[in-house]
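**Q**
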Amino acid sequence: MKLVNFKLCGFLVLSVMLFATSCTSYKQVPYLQNSNEIPNMVQADTVFENKIQPRDQLQIIVTSPNDVTAASPYNLFVSQPFELRNSVTTQPTYQNYLVDKDGNIEFPVLGTLHVAGLTKKELEIIILDKIKGAFTIAPIVTVRFADFKISVLGEVANPGTFTISNEKVNIFQALALARDMTIYGMRENVKVIREDVNGKTSVHELDLTDASVITSPYYHLQQNDVVYVTPNKAKAKGSDVGSTTSLWFSTASILVSLTSLLYNILHN
2 MKLVNFKLCG
12 FLVLSVMLFA
22 TSCTSYKQVP
32 YLQNSNEIPN
42 MVQADTVFEN
52 KIQPRDQLQI
62 IVTSPNDVTA
72 ASPYNLFVSQ
82 PFELRNSVTT
92 QPTYQNYLVD
102 KDGNIEFPVL
112 GTLHVAGLTK
122 KELEIIILDK
132 IKGAFTIAPI
142 VTVRFADFKI
152 SVLGEVANPG
162 TFTISNEKVN
172 IFQALALARD
182 MTIYGMRENV
192 KVIREDVNGK
202 TSVHELDLTD
212 ASVITSPYYH
222 LQQNDVVYVT
232 PNKAKAKGSD
242 VGSTTSLWFS
252 TASILVSLTS
262 LLYNILHN
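Be aware that the sequence shown starts at 2, since it is given in my numbering, and climbs by one per residue.
#1: Starting from the N-terminal side, write out each stretch of the beta strand (DSSP E) that is 3 residues or longer and does not extend beyond the region 110-169.
#2: Grouping DSSP H, G and I as helix and E and B as strand, with all else coil, what is Ile184?
#3: Output the distance between the C-alpha atoms of Lys121 and Asn51, rounded to the nearest integer angstrom.
#4: In chain order, what residues of the same chain lie with their CB nearer than 6 angstroms to the CB of Glu189, ignoring the 5 residues before and after it?
#5: Taking just the CA atoms, how far does Ala235 sit from Asn97?
#6: Rounded C-beta distance between Gly104 and Gly118? I'm assuming under 8 angstroms.
#7: Rounding to the nearest angstrom, what Cα-Cα distance links Val214 and Ser166 in this structure?
#8: Rounded to a whole number of angstroms, what is the C-alpha to C-alpha distance between Glu196 and Val153?
#9: Which residues in the same chain have their Cβ closer than 8 angstroms to the Cβ of Val100, if we skip the five residues on either side of it in sequence?
#10: If we call anything under 8 angstroms between Cβ atoms a contact, is Ser65 one with Ile138?
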């Protein structure tokens with residue numbers, strides 16, 4: 002009976018130790034814990050708009066329903082195979098503009114345009130002002146990001162790079178694309194890695210348990226942002242379960258068995 006109790010105690014000790022290593026405080030898990038304070042927080046009155054950066058790819062289309070011929074010189078088209086060039090059913094394919102390291106693009110007829118630091122709307126207005134004199138009726142200029150992507154790494158269920166079709170995403174939407182954090186992710190220490198229009202990279206920490214995060218300039222993500230979810234201490238301690246920790250538990254199990262055997266021998 003004493004031997005059984007001794008083994009049971011050893012098993013309970015190991016179980017408690019294992020449970021302790023995987024335990025996470027509930028207070029560290031929920032997002033926006035003081036959400037009742039949101040109505041009193043100062044938020045920007047203007048709609049957030051991303052700014053163009055070096056190495057962005059832009060789709061810029063000039064259209065004029067009343068003067069298609071006049072609009073054509075202001076568009077870059079992808080060359081069509083010879084057999085499709087004269088097909089009336091073929092829709093034109095527009096070529097993207099790559100913003101160079103200095104923040105410029107080469108635009109048909111107009112030449113070099115400095116676009117870095119501008120919003121899409123600002124660039125549309127600039128191009129329209131420069132070309133509207135060539136049309137009897139003002140044309141329509143449309144600017145879009147052709148490669149609006151973000152990356153989510155670290156303690157999330159589905160890390161990866163995601164294309165954002167509507168060009169607008171906040172930190173919680175980004176986590177939703179990555180199927181949310183794992184239980185080991187530190188909600189109070191989520192890093193946003195961002196490169197500005199001058200090519201300078203910076204790292205900013207967000208506390209997603211605090212509702213004031215919605216007022217942060219990093220709440221809305223920009224193209225090419227990287228979101229990194231830091232692992233908590235429990236994950237860090239268990240990161241080598243396959244080697245060190247596994248060996249430790251195996252050793253502890255052997256010691257318990259040997260102690261049990263010696264106890265049995267000495268008391269017989």
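Idealized CB from N, CA, C, for every residue including glycine.
Predicted model only: the values in this text are computed from it and were never measured.
**A** Reading from the atomic positions:
#1: 112-115, 141-146, 150-155 and 161-164
#2: Here residue 184 refers to the residue found at position 183 of the sequence shown. Note: Ile184 maps to coil in three-state DSSP.
#3: Numbered from its first residue, the sequence shown carries residue 121 at position 120. Numbered from its first residue, the sequence shown carries residue 51 at position 50. One C-alpha to the other measures close to 8 angstroms.
#4: The residue given as residue 189 occupies position 188 in the sequence shown. Hits under 6 angstroms: Asp208 and Thr210.
#5: Looking up residue 97 in the sequence shown gives position 96. Looking up residue 235 in the sequence shown gives position 234. Those two C-alpha atoms are separated by around 46 angstroms.
#6: Numbered from its first residue, the sequence shown carries residue 104 at position 103. Numbered from its first residue, the sequence shown carries residue 118 at position 117. Between Gly118 and Gly104 the Cβ distance is about 7 angstroms, and since that is below 8 angstroms, they are a contact.
#7: Start at 1 with the first residue of the sequence shown, and residue 214 comes out as number 213. Start at 1 with the first residue of the sequence shown, and residue 166 comes out as number 165. When rounded, the distance between both Cα atoms is 24 angstroms.
#8: As a working note, residue 196 is residue 195 in the sequence shown. As a working note, residue 153 is residue 152 in the sequence shown. Approximately 15 angstroms, taken between the alpha carbons.
#9: Here residue 100 refers to the residue found at position 99 of the sequence shown. For Val100, where only same-chain residues beyond five positions count, the Cβ hits under 8 angstroms are Ile53, Gln54, Pro55, Arg56, Asp57, Gln58, Leu59, Ile106, Val116 and Ala117.
#10: Locating residue 65 in the sequence shown gives position 64, where the first residue counts as 1. Locating residue 138 in the sequence shown gives position 137, where the first residue counts as 1. Cβ distance < 8 angstroms, so Ser65 and Ile138 count as in contact.
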